[in-house]
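Participant:
Protein chains: 2
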Amino acid sequence: GLLSKSRVVLSVSSHKPYSLYSSFSTSRAKVMTTPPNNIFDSIRADEIDGVLNHTVDRYDGVIISSKALPTDVVSFQTILGSSIQFWKENRRRGVWLKVPIEKSVLVAPAVEAGFVFHHAEKDYVMMNHWLSEDENRMPLNASHQVGVGCIVINNGKLLMVQEKNGPLRGTGVWKMPTGLSDPGEDLYEAAVREVFEETGIETEFVSIINIRQSHTALFGKSDLFFVCLLKPKNTTITMQPAEIAACEWVNAEVYLQQGFFKKSPIFGVVNQQIRQVVSAVAADPNWVVIPDNEREAAASSSPSSEAVGTDIGAVKVGVNPLTSKDLPVPSLVVSKLPNGIRPGESVVYHFPV
Amino acid sequence: GLLSKSRVVLSVSSHKPYSLYSSFSTSRAKVMTTPPNNIFDSIRADEIDGVLNHTVDRYDGVIISSKALPTDVVSFQTILGSSIQFWKENRRRGVWLKVPIEKSVLVAPAVEAGFVFHHAEKDYVMMNHWLSEDENRMPLNASHQVGVGCIVINNGKLLMVQEKNGPLRGTGVWKMPTGLSDPGEDLYEAAVREVFEETGIETEFVSIINIRQSHTALFGKSDLFFVCLLKPKNTTITMQPAEIAACEWVNAEVYLQQGFFKKSPIFGVVNQQIRQVVSAVAADPNWVVIPDNEREAAASSSPSSEAVGTDIGAVKVGVNPLTSKDLPVPSLVVSKLPNGIRPGESVVYHFPV
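Protein sequence lines, in the order shown, are assigned to chains A and B.
Residues in the first sequence are numbered from 1 upward in steps of one, following full-length UniProt numbering.
Residues in the second sequence are numbered from 1 upward in steps of one, following full-length UniProt numbering.
(1) Tell me whether residue 265 of chain A is buried or exposed, calling it buried when 16 or more other Cβ atoms sit within 10 Å of its Cβ.
(2) Provide the residue(s) that pair with residue 249 of chain B in DSSP beta bridges, ordered along the chain.
(3) Taking DSSP as the reference, what is the three-state secondary structure of residue 255 of chain B?
(4) Tell me the DSSP secondary structure of residue 145 of chain A in three-state form.
(5) Using a threshold of 8 Å, state whether the C-beta atoms of residue 95 of chain A and residue 107 of chain A are closer than that.
(6) What is the residue span of the beta strand (DSSP E) that residue 96 of chain A lies within?
(7) How many Å lie between residue 258 of chain B and residue 167 of chain B at the Cα?
(8) Counting along the chain, where does the beta strand (DSSP E) carrying residue 209 of chain B start and finish?
(9) Buried or exposed: where does residue 38 of chain A fall if 16 or more other Cβ atoms within 10 Å of its Cβ makes it buried?
(10) Between the beta-carbon of residue 226 of chain B and the beta-carbon of residue 208 of chain B, is there less than 8 Å?
(11) Measure the beta-carbon distance from residue 109 of chain B to residue 80 of chain B and round it to whole angstroms, keeping in mind my assumption that it falls under 8 Å.
(12) Given that residue 339 of chain B touches chain A, what residues does it touch there, using C-beta distances under 7 Å?
(13) In the DSSP assignment, what are the bridge partners of residue 335 of chain B?
(14) Where does residue 231 of chain B land, buried or exposed, given buried means 16+ other C-beta within 10 angstroms?
(15) How big is the Cα-Cα spacing for residue 127 of chain A and residue 217 of chain B?
(16) Cα separation between residue 333 of chain A and residue 192 of chain A?
(17) Say whether the segment 156 to 175 of chain A touches the segment 133 to 142 of chain A, bearing in mind that this needs 3 or more beta-carbon pairs closer than 8 Å, one atom from each stretch.
(18) DSSP three-state call for residue 108 of chain B: helix, strand or coil?
(19) In this structure, how does DSSP classify residue 278 of chain A when only helix, strand and coil are distinguished?
(20) Closer than 9 Å, Cβ to Cβ, to anything on chain A: give me those residues from the segment 233 to 259 of chain B, in chain order.
(21) Between B/199, B/205, B/200, B/176, which has its C-alpha nearest residue 190 of chain B's C-alpha?
(22) Going by beta carbon distance, what residues of the same chain come within less than 7 Å of residue 141 of chain A, once the five residues before and after it are set aside?
(23) Quick one: which chain B residues come within Cβ less than 7 Å of residue 330 of chain A?
(24) Among A/85, A/83, A/203, A/116, which residue has its Cα nearest to the Cα of residue 290 of chain A?
(25) Check this for me: beta carbons of residue 82 of chain A and residue 114 of chain A, under 8 Å apart or not?
(26) Taking 8 Å as the CB-CB limit, is residue 132 of chain B close to chain A?
(27) Can you tell me whether residue 91 of chain A is buried or exposed? The criterion is at least 16 other CB atoms within 10 Å of its CB, across all chains shown.
(28) Buried or exposed for residue 178 of chain B, going by 16 or more other Cβ atoms inside 10 Å?
(29) Does the CB of residue 284 of chain A have a neighbour CB from chain B at under 8 Å?
(30) With burial defined as no fewer than 16 other Cβ atoms inside 10 Å of the residue's Cβ, what is the status of residue 210 of chain A: buried or exposed?
(31) Please report how far the alpha carbon of residue 160 of chain A lies from the alpha carbon of residue 249 of chain A, in whole angstroms.
(32) Within 8 Å (strictly less), CB to CB, does residue 91 of chain A reach chain B?
(33) Would you kindly work out how many angstroms separate the C-alpha atoms of residue 282 of chain B and residue 273 of chain B, rounded to a whole number?
(34) With distances taken between CB atoms, is the gap from residue 163 of chain B to residue 237 of chain B smaller than 8 Å?
(35) Does DSSP put residue 269 of chain B in a helix, in a strand, or in coil?
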């Protein structure tokens, strides 16, 4: 071998966050390998002469330390070549290399050495190199964007917008407020945020009505689009003029019977569900939306009155208080709960329990 | 200006696929800009001396042609500098640069010129450069991975596995078959595929029972995990030995009462739903699973007999035939339908209509 293996310093890393990743990993990921932000049971092996500082994950994958990367191309080429030889001799199956943007001169020599791209964020590009003869089992990058569409119902009317940009510009077509979720944002939060940003209406998230999946999103990716039911807390629209050309409380049938939808079987199903929801909400004695002017009048005469009608669907850490009886139609409510088996909380969308 | 604007050749591109992207775009994307795989209403402007070949999207964004990129660094630096000056003078708001892996020497000079990374796939890295003084409104990259967990019910028992790798290795914990969806794969397909790959059991997708969202996936991304109900078409397990340590039809309560779950409020809700489903399926006269040995015996004596019990939940292009009456519990069925307003089909998960 290139290097004396007796000089390898191995010690079990103390960095072992418990992860449930494998409970929903691909076949690929289950076998190989754990990428750099998820190093558990990794072995430190970063004191070997002539080999780039790195750790080894439990799937025999190598994670090169970004901090210790040289900044000049010739040094990098030399040590990368000897490192790859060392890892092959040690039967490592693949290598992860995160190149920070300030060291982007290292991208081209990494490609020369056999690395390909995996994913990128603003300030780095992740590359990897499968060394084994077996099928490449390194996990894939993110596959989906997540969008929300918002059904906000007030006395038989839906909160609707016309967009200033995009393919519907100038068509006069009414659409529900929509948007993509921000990184790290729960989709129920995205729904509340998008409605407020576009229309100035504050809402409570109630439930998910249906979900559309397609594979025609930007950059060859897929998207999941969640149609959500929300209850308004106020009624006076403050339109966002940069994006929105018109915003009104629109009669539900005016929205649903637009010619635009007539051509689309997929909207046919979605709109049939929306019609059911509108009709169920109209019959629901708990779904009371007090117009802003009435609420203000009531507030001035009686300062202790409730700001809004019955408060349903508020999300807190705990099981959502909704029961089937309270929900106007079958749909998925949200509960935010501690993970228990690992730190933090998750959100689950479920039928009322 | 650096270049005579009178020499700009502008012609409307014939490449205008209709897109509904903006119906679920972010605020960012609505204003700026259309990225390279989604060029509609773009203007060809690729015959200007001293400027990289490019198109301009409807949001005043520049898309550099990858094919016309020079391969040597000095030529690229020169023309990129003069191009950026030209685009600034023409009030372009941002620039997209897709660097094919075989031209990776261009990454470092692009960074020098102000580009950052946006996303990457195996054979390219996408970079961009916001030129405007306004807030950067270029769309974000994909945010989620999508996983499925599969509840397969056969006479009060659930199809369960123990994994060879990952954090549950060696613990004896039973879990449902799980996996990530492949690129471009619908989640109902992923559920059927994962069950078959891990256990050899063929299934029909019936419905989505609940959805978990978390923000602790690989590479700092989020994930959506769909718990799906499936009906088995056969009963003889063929375990996949590379990933799976054990696979059995397990009594539902043996699974649900595992100590592993006791610590987890989030699994508490998920498991409560699973318990409801198991109980509803047990009471459902339509949910008949014929054991392989009985089916084979019946087939040999009567060759025209049905291979499986009542066929529910099969997905075809059209509205799913399920009605509330047929579904054991409230859950989201799947319909695959033509988009109508644009080419292709989408899948919608919805309550039975």
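Just so you know, even glycine gets a beta-carbon here, dropped at the ideal spot from N, CA and C.
Facilitator: So, from the data block:
(1) Position 265 of the first sequence holds residue 265 of chain A. Residue 265 of chain A should be labelled buried.
(2) Within the second sequence, residue 249 of chain B is the residue found at index 249, counting from 1. DSSP lists B/159 as partners of residue 249 of chain B.
(3) By 1-based counting over the second sequence, the position of residue 255 of chain B is 255. Note: residue 255 of chain B maps to helix in three-state DSSP.
(4) As a first step, residue 145 of chain A must be located in the first sequence, where it is residue number 145. Here DSSP, grouped into helix, strand and coil, assigns residue 145 of chain A to strand.
(5) What you label residue 95 of chain A is simply residue 95 of the first sequence in a count that begins at 1. What you label residue 107 of chain A is simply residue 107 of the first sequence in a count that begins at 1. Their beta carbons are not under 8 Å apart, which means residue 95 of chain A does not touch residue 107 of chain A by this criterion.
(6) The residue labelled residue 96 of chain A in the question sits at position 96 within the first sequence. Here the beta strand (DSSP E) through residue 96 of chain A covers 94 to 100.
(7) For the purposes of this step, residue 258 of chain B is identified with residue 258 of the second sequence, where counting begins at 1. For the purposes of this step, residue 167 of chain B is identified with residue 167 of the second sequence, where counting begins at 1. Rounded to the nearest whole angstrom, the CA to CA distance from residue 258 of chain B to residue 167 of chain B is 16 Å.
(8) One-based indexing of the second sequence puts residue 209 of chain B at position 209. Run containing residue 209 of chain B: 203 to 214, per the beta strand (DSSP E) assignment.
(9) As a first step, residue 38 of chain A is located in the first sequence; it is residue number 38 there, counting from the start. Residue placement at residue 38 of chain A is poorly supported in this model, since its pLDDT is 44, which falls under 50; the coordinates are not used for a value here.
(10) As a working mapping, residue 226 of chain B is identified with position 226 in the second sequence. As a working mapping, residue 208 of chain B is identified with position 208 in the second sequence. In this structure, residue 208 of chain B lies closer than 8 Å to residue 226 of chain B by Cβ.
(11) In the second sequence, residue 109 of chain B corresponds to position 109, counting from 1. In the second sequence, residue 80 of chain B corresponds to position 80, counting from 1. Right, their Cβ atoms sit about 7 Å apart.
(12) Numbered from its first residue, the second sequence carries residue 339 of chain B at position 339. Residues of chain A with a Cβ closer than 7 Å to the Cβ of residue 339 of chain B are, in chain order, 264, 266.
(13) Mapped onto the second sequence, residue 335 of chain B falls at position 335. Per DSSP, the beta bridge partners of residue 335 of chain B are B/348.
(14) Translated into the one-based positions of the second sequence, residue 231 of chain B becomes position 231. Burial of residue 231 of chain B is indicated by the presence of at least 16 other C-beta atoms within 10 angstroms of its C-beta.
(15) Taking the first residue of the first sequence as 1, we reach residue 127 of chain A at position 127. Taking the first residue of the second sequence as 1, we reach residue 217 of chain B at position 217. If you take the alpha carbons of residue 127 of chain A and residue 217 of chain B, they lie about 18 Å apart.
(16) Taking the first residue of the first sequence as position 1, residue 333 of chain A is located at position 333. Taking the first residue of the first sequence as position 1, residue 192 of chain A is located at position 192. If you take the alpha carbons of residue 333 of chain A and residue 192 of chain A, they lie about 14 Å apart.
(17) By the Cβ rule, the segment 156 to 175 of chain A does not count as touching the segment 133 to 142 of chain A, because fewer than three pairs are nearer than 8 Å.
(18) In the second sequence, residue 108 of chain B corresponds to position 108, counting from 1. Helix at residue 108 of chain B.
(19) Start at 1 with the first residue of the first sequence, and residue 278 of chain A comes out as number 278. Helix.
(20) Answer set for the segment 233 to 259 of chain B: 240, 242, 243.
(21) Taking the second sequence and counting its residues from 1, the one referred to as residue 190 of chain B is at position 190. Taking only the C-alpha atoms, the option nearest residue 190 of chain B is B/205.
(22) Here residue 141 of chain A refers to the residue found at position 141 when the first sequence is read from its first residue. Excluding sequence neighbours, residue 141 of chain A sits near 118, 119.
(23) By 1-based counting over the first sequence, the position of residue 330 of chain A is 330. Neighbours of residue 330 of chain A across chain B, judged by C-beta separation under 7 Å: 330, 351.
(24) Residue numbering aside, residue 290 of chain A sits at position 290 when the first sequence is read from its first letter. Closest by C-alpha distance to residue 290 of chain A, out of A/85, A/83, A/203, A/116, is A/203.
(25) Against the first sequence, residue 82 of chain A aligns to sequence position 82. Against the first sequence, residue 114 of chain A aligns to sequence position 114. For residue 82 of chain A and residue 114 of chain A, no; Cβs fall outside 8 Å.
(26) As a working mapping, residue 132 of chain B is identified with position 132 in the second sequence. No, no contact with chain A.
(27) By one-based count along the first sequence, residue 91 of chain A stands at place 91. A residue is called buried once 16 or more other Cβ atoms fall within 10 Å of its Cβ, and residue 91 of chain A, having fewer, is exposed.
(28) Translated into the one-based positions of the second sequence, residue 178 of chain B becomes position 178. Counting other Cβ atoms within 10 Å of its Cβ, residue 178 of chain B reaches 16 or more and is therefore classed as buried.
(29) What you label residue 284 of chain A is simply residue 284 of the first sequence in a count that begins at 1. Not one chain B Cβ lies under 8 Å of residue 284 of chain A.
(30) Mapped onto the first sequence, residue 210 of chain A falls at position 210. It counts as buried.
(31) Looking up residue 160 of chain A in the first sequence gives position 160. Looking up residue 249 of chain A in the first sequence gives position 249. Whole-angstrom Cα-Cα distance: 6 Å.
(32) As a working note, residue 91 of chain A is residue 91 in the first sequence. Residue 91 of chain A has a beta carbon lying at 8 Å or more from every beta carbon in chain B.
(33) In the second sequence, counting from the first residue as 1, residue 282 of chain B sits at position 282. In the second sequence, counting from the first residue as 1, residue 273 of chain B sits at position 273. The alpha-carbon atoms of residue 282 of chain B and residue 273 of chain B are separated by roughly 14 Å.
(34) As a position in the second sequence, residue 163 of chain B is number 163, starting the count at 1. As a position in the second sequence, residue 237 of chain B is number 237, starting the count at 1. Against a cut-off of 8 Å, the Cβ pair of residue 237 of chain B and residue 163 of chain B comes out as no contact.
(35) Reading the second sequence from its first residue, position 269 is the one you call residue 269 of chain B. Assigned with DSSP and collapsed to three states, residue 269 of chain B falls in helix.
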